[in-house]
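Trainee: Dumping the structure here so I can ask a few things about it.
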Amino acid sequence: MINQSGLSKTYESGVTDFDAYLALNPIHSASAGEWLSTGPLSMARVTFDLGETIEFTGAAIWNEDASGIGSIIASIPLGGSYAGLGLNDTVDSIGSAYGATVWRHQAIKARYVTFDIYGCNRAGFAHNGCGLGEVAFRSTALAPPPTGAVPEPGAWALMILGFGGVGATLRRRRHSFAAA
């Protein structure tokens, strides 16, 4: 995700179910929260760091309404070279909220995903750069719930037994010093 500030519904990467989320038809506001490159540009490159290597099978891309893009070639590092996937999109109406273009592909494992963006500012808006509303990646598995280091009951029993043993040893030493 870029920053979610323009989305009508909240999406949490690795937690929210991608397909269930898109079934809610989340839209992006035409007036807030887009990523915009500096202009004048007709091409831009954006690299997403997913935080760790994940397996994903698609993406949802909210194409910015005014400075939207014509096509994306997404690539991932693959043994020193890049594997590419293509996406073409349509122009959204300027000034109106817009939905996502969903892009599905075979399972890919990567940490970094690079978008080479072409055909920027197809609508001819005053900002002559490139723009994206939001991007969400479809992971093949949701993240497991967080687990803390909570001792199990058996570990507690051993720990208490250990403290008791240390206490008994210290007590025995005190009594032996007093007798000598």
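Counting the sequence shown from 1 gives a position; the working numbering is that position plus 114. Think of the CB as a built atom: it goes at the ideal place given N, C-alpha and C, for glycine as much as any other residue.
For a quick check, are the C-beta atoms of Lys123 and Glu169 less than 8 Å apart?
Mentor: By the CB criterion at 8 Å, Lys123 and Glu169 fall outside the cutoff.
Trainee: Once DSSP output is grouped into helix, strand and coil, what is the label at Ala134?
Mentor: DSSP places Ala134 in helix when its eight states are reduced to three.
Trainee: Return the Cβ separation of Leu246 and Ile175 in integer angstroms, given the expectation that the two are a contact with Cβ distance under 8 Å.
Mentor: 7 Å
Trainee: With 16 other CB atoms within 10 Å as the buried threshold, where does Tyr212 fall?
Mentor: Tyr212 should be labelled buried.
Trainee: Could you tell me the distance, in whole angstroms, from the CA atom of Arg252 to the CA atom of Asn235?
Mentor: 27 Å
Trainee: Looking only at its own chain, which residues have a Cβ that is under 7 Å from the Cβ of Gly172, when we skip the five neighbours before and after it?
Mentor: Beyond the five residues adjoining it in sequence on each side, Gly172 comes within less than 7 Å, by CB distance, of Val216, Trp217, Arg218, His219 and Arg252 in the same chain, given in chain order.
Trainee: Can you give the beta carbon distance from Tyr232 to Gly182, rounded, assuming they're within the 8 Å contact cut?
Mentor: Actually they do not touch by this definition, with Cβ atoms about 12 Å apart.
Trainee: Is Ile274 helix, strand or coil when you go by DSSP?
Mentor: helix
Trainee: Using CA coordinates, which residue listed in Tyr125, Val129 and Thr167 is at the minimum distance from Pro140?
Mentor: Of Tyr125, Val129 and Thr167, the residue nearest in Cα terms is Tyr125.
Trainee: Determine whether the beta carbon atoms of Ala144 and Ser151 lie at a separation below 8 Å.
Mentor: no
Trainee: Could you check the C-alpha separation between Asp133 and Thr161 for me, to the nearest Å?
Mentor: When rounded, the distance between both Cα atoms is 24 Å.
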